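Undergrad: Below you'll find the structure I mean.
Number of protein chains: 2
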Amino acid sequence: MQALPSLPALTAPPTADQLRQTHTAISPYLQETPVLRSGGLNRLAGAELWFKCESLQRVGAFKMRGALRAAMAIPEAERFKGLATHSSGNHAQAVALTARLLGVPAYIVMPVNAPGPKRQATLGYGAEIIPCEATLQAREATLAQVVDRTGAHFIPPYDDYNIIAGQATSALELLDAQPDLEAVLAPVGGGGLISGTLLAARAHRKDIRVYAAEPSRVDDAFRSLQSGVLQGNTRTDTIADGLRTSLGKRNFHILQSGLDGVLRVDEDEIVSAMVLIWERLKIVVEPSAAVPLAAVLRYPELFSGKKVGLILSGGNADLLELLHLLNPPPAALATA
Amino acid sequence: MQALPSLPALTAPPTADQLRQTHTAISPYLQETPVLRSGGLNRLAGAELWFKCESLQRVGAFKMRGALRAAMAIPEAERFKGLATHSSGNHAQAVALTARLLGVPAYIVMPVNAPGPKRQATLGYGAEIIPCEATLQAREATLAQVVDRTGAHFIPPYDDYNIIAGQATSALELLDAQPDLEAVLAPVGGGGLISGTLLAARAHRKDIRVYAAEPSRVDDAFRSLQSGVLQGNTRTDTIADGLRTSLGKRNFHILQSGLDGVLRVDEDEIVSAMVLIWERLKIVVEPSAAVPLAAVLRYPELFSGKKVGLILSGGNADLLELLHLLNPPPAALATA
């Protein structure tokens, strides 16, 4: 069992000092992700864009940051019982790898309809997968049984201040590298990444604009902020599979404290933006990661002439599924 | 007109000191390309692999390194006349961008059948494109006319010691980052990259194995080294479009001085390796860049249990063309 450092568990939105402390503690266990640029994309957007590539993070997504921070909040004497969560996506892999770094078991409750590659990757990190029905109720009930049986610690996917502090460190690094950014965007699903991004940006400079980018089909964050009451989604059929979850409570309250807006984009805009990123930045991103670029291209009035940072959340695309989707190829590709 | 530093023109294979000097001079104008790893690819290869990502270099390929070094060998007083070359690929873009950095004209002789995206990218860097027939004779004759008319300096694609010194700096960086590599691979077309890689590796440590990776369909380097006489290709129908050119004379002589072998791979192995890189490393590489991984997977007896460096030469894939090719998807993808 390795000794990941310990940090106090956070019970309120992390302060600037707590974000910096989190960053110092988790950095040794992370890949240093590059910030990429493209002259062609700048011309297309009429803005100066910096892309923070969490797709090149360990497990292929920013989720590793939060999982590490949350694990560090577990008292050392209790870690041996292992980590548990429910997830069909990148969070599952992040918890599995974090448990492996700790040398303790990982128990991942995963719906039976989870994609094969994500199952395989999670097993590849040495986790035990506990199958369940594909409803939130079944996931939570199965997780409760697992935690009860094993004593493992639940690592929540987004609605948790430790997780939020971890996810915030991506924007922290982006702003360290490019301090004069005027706007920052991140995608919003459960809200771990965007709420952390907002806190990191505000800690850096008060006047940076921070936007969440969201698929129109699952626009619960947009409706929640507009109405002031946390909303759910009645459909989840967006290609941006990482953003199908609904906004968490703590995440919602942080966003209410000062997000500049939720920018909604359509499915074809997401696909076009994803293909542009593949072609111009030469990196593979998953559909969810392309949502911020889709928003920059859709709302030029907000970004024209500005220095803009975009967080590319992950790269765990199911290439087989995307090839079907790109046949016939979208217009963005045919004319690129 | 900007002041790129000047370096002496090289008239013999570059020494270790000259490689280091080249690296110091060109680095400020380059992207620092990451070295990526994948646990999954390591398991698949039964070896420890380090991937040097020239696909994330400026213009999307290592070619920028050599073009910069060659431009620095032109006396400052003569640079204003501009740069010229013939190329339908990454070298065209590298010369165009280098000329733009110098603030001088670029004249690119390009066959009429060159792919649209490469034409567009070259124009995007502000170059003038001079169309010609798609034969080597026509390219060379048209180039001679252009040089005669404009006085521009010819930047050769590979058969030149300045170019070789520039291309060598990718392996130099890889070995600086990972000094204990036991083997290094690069693809071979004209031979600029692999001859530079061999010189850099030998300068680093005598006992590093250095292999060229080559498509079986255009195996002129293999046949040249086997026979001791420079050979050409009778066909050029490989998907690895960057490797269709035949080996240059200076490149051949350098390879004769100590390459450990030319490893040939088939077309389907190239496609599978490319898809694996996209999926596991989360980066877009062009088919040529995947040839070394294809070789590592095909010849496990050479690499099993070893620390191996692979140079990913470029990322300028024509996604539209590749989508056609990947339909139906190759087995590597369906089972990944």
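Line by line, the protein sequences are chains S and E. Counted from 1, the first sequence has number 1278 at position 169 by my numbering; the numbering is strictly sequential. Counted from 1, the second sequence has number 1218 at position 109 by my numbering; the numbering is strictly sequential. All C-beta atoms in this analysis are idealised placements derived from N, C-alpha and C, irrespective of residue type, glycine included. All of these numbers come straight from a predicted model, not from anything done at the bench.
#1: Using a Cβ-Cβ cut-off of 8 Å, state whether GLY1233 (chain S) counts as contacting chain E.
#2: What do you reckon, are the CB atoms on ALA1193 (chain S) and VAL1255 (chain S) nearer than 8 Å?
#3: Going by CA-CA distance only, name the one from E:GLU1376, E:GLN1202, E:VAL1393, E:LEU1390 that's closest to ALA1404 (chain E).
#4: For LEU1245 (chain E), count neighbouring Cβ atoms within 10 angstroms of its own Cβ and tell me buried if that reaches 16, exposed if not.
#5: List the residues of chain S that LEU1419 (chain E) touches, going by C-beta distances under 7 Å, in chain order.
#6: Sorted by chain position, which residues of the same chain lie with C-beta nearer than 7 Å to SER1304 (chain E)'s C-beta, five sequence neighbours on each side aside?
#7: So, using beta-carbon positions, are LEU1128 (chain S) and ALA1312 (chain S) closer together than 8 Å?
#8: Take the Cβ of LYS1161 (chain S) as the centre, count every other Cβ of all protein chains shown within 10 Å, and call the residue buried at 16 or more, exposed below.
#9: Roughly how many angstroms separate the alpha carbons of PRO1122 (chain E) and ALA1179 (chain E), rounded to a whole number?
#10: DSSP state of THR1194 (chain E), grouped into three classes?
#11: Below 7 Å between beta carbons is the criterion; list the residues of the segment 1385-1396 of chain S that meet it against any residue of chain E, in chain order.
#12: Would you decide whether THR1343 (chain S) is buried or exposed? Buried here means 16 or more other CB atoms lie within 10 Å of its CB.
#13: Mind listing the chain B neighbours of LEU1113 (chain E)? Cutoff is C-beta to C-beta under 8 Å, in chain order.
#14: Any C-beta of chain S within less than 8 Å: which residues of the segment 1128-1147 of chain E qualify?
#15: For the segment 1150-1169 of chain S, enumerate the residues whose C-beta is nearer than 8 Å to any C-beta of chain E, in chain order.
#16: My understanding is that VAL1218 (chain E) touches ILE1239 (chain E), with C-beta atoms under 8 Å, so please give their C-beta distance in whole angstroms.
#17: Output the boundary residues of the beta strand (DSSP E) element that contains ILE1386 (chain S).
#18: What three-state label does DSSP hand ALA1154 (chain S) in the structure shown?
#19: Out of S:LEU1434, S:LEU1421, S:LEU1431, S:LYS1190, which has the shortest C-alpha to C-alpha gap to GLN1276 (chain S)?
#20: By how many angstroms is the C-alpha of ALA1215 (chain E) removed from the C-alpha of THR1444 (chain E)?
#21: Check the Cβ-Cβ distances between GLY1424 (chain E) and every residue of chain S, and say whether any is below 8 Å.
#22: Please report how far the alpha carbon of ASN1271 (chain E) lies from the alpha carbon of PRO1184 (chain E), in whole angstroms.
#23: Does chain S have any CB closer than 8 Å to the CB of LEU1428 (chain E)?
#24: Quick check: the Cα distance between GLY1424 (chain S) and LYS1190 (chain E), rounded to an integer number of angstroms?
#25: Using a Cβ cut-off of 8 Å (strictly closer), state whether LEU1435 (chain E) contacts chain S.
#26: When the Cα atoms are used, what is the spatial distance from ILE1392 (chain S) to GLU1141 (chain S)?
#27: Leaving out five residues before and five after HIS1195 (chain S) in sequence, what residues of the same chain have Cβ atoms less than 6 Å from its Cβ?
#28: Which partner residues of ILE1239 (chain E) appear in the DSSP bridge assignment?
#29: Quick one: measure Cβ to Cβ for VAL1221 (chain S) and ALA1243 (chain S), integer angstroms, because I've assumed they're closer than 8 Å.
#30: With DSSP as the reference, label LYS1172 (chain E) as helix, strand or coil.
#31: Mind checking who GLY1418 (chain E) pairs with in its DSSP beta bridge?
#32: Here's a check: name, in chain order, each residue in its chain whose Cβ is nearer than 7 Å to the Cβ of GLU1395 (chain S), leaving out the five neighbours to either side.
#33: In angstroms with no decimal places, state the Cα-to-Cα distance between GLY1155 (chain E) and PRO1401 (chain E).
#34: Count the other C-beta atoms from every protein chain shown that fall within 10 angstroms of the C-beta of GLY1300 (chain E), then say buried if there are 16 or more, exposed otherwise.
#35: What residue range is occupied by the uninterrupted alpha helix (DSSP H) comprising ALA1321 (chain E)?
#36: Step through the CB atoms of chain E and report whether any lies within less than 8 Å of the CB of LEU1402 (chain S).
TA: For this structure:
#1: Cβ-Cβ to chain E under 8 Å: yes for GLY1233 (chain S).
#2: yes
#3: E:GLU1376
#4: exposed
#5: In chain order: nothing, as chain S lies at least about 16 Å away.
#6: ILE1273, ASN1360, ILE1363, LEU1364
#7: yes
#8: buried
#9: 14 Å
#10: strand
#11: TRP1387, GLU1388, LYS1391, ILE1392, VAL1393
#12: exposed
#13: Looking at the structure shown, chain B is missing, and the protein chains on hand are S and E.
#14: PRO1143, LEU1145
#15: SER1164, LEU1165, GLY1169
#16: Going by Cβ atoms, the distance from VAL1218 (chain E) to ILE1239 (chain E) rounds to 5 Å, so yes, they are a contact pair.
#17: Taken as a continuous stretch (DSSP letters only), ILE1386 (chain S) belongs to no beta strand (DSSP E), as it is neither H nor E.
#18: helix
#19: S:LEU1421
#20: Below a pLDDT of 50, predicted positions are generally treated as unreliable, and THR1444 (chain E), at 49, falls in that range; no measurement from the model is reported.
#21: yes
#22: Near 14 Å, if we compare the C-alpha coordinates of PRO1184 (chain E) and ASN1271 (chain E).
#23: yes
#24: 44 Å
#25: yes
#26: One C-alpha to the other measures close to 16 Å.
#27: VAL1218, ARG1248, LEU1252
#28: E:VAL1218
#29: 6 Å
#30: helix
#31: E:TRP1159, E:VAL1293
#32: Here the set comprises GLY1351, GLY1423, GLY1424, ASN1425, ALA1426.
#33: 15 Å
#34: Buried, since its Cβ has 16 or more Cβ neighbours within 10 Å.
#35: Looking at the DSSP string, ALA1321 (chain E) is not in any alpha helix (DSSP H); the run it does join, the beta strand (DSSP E), is 1318-1324.
#36: no
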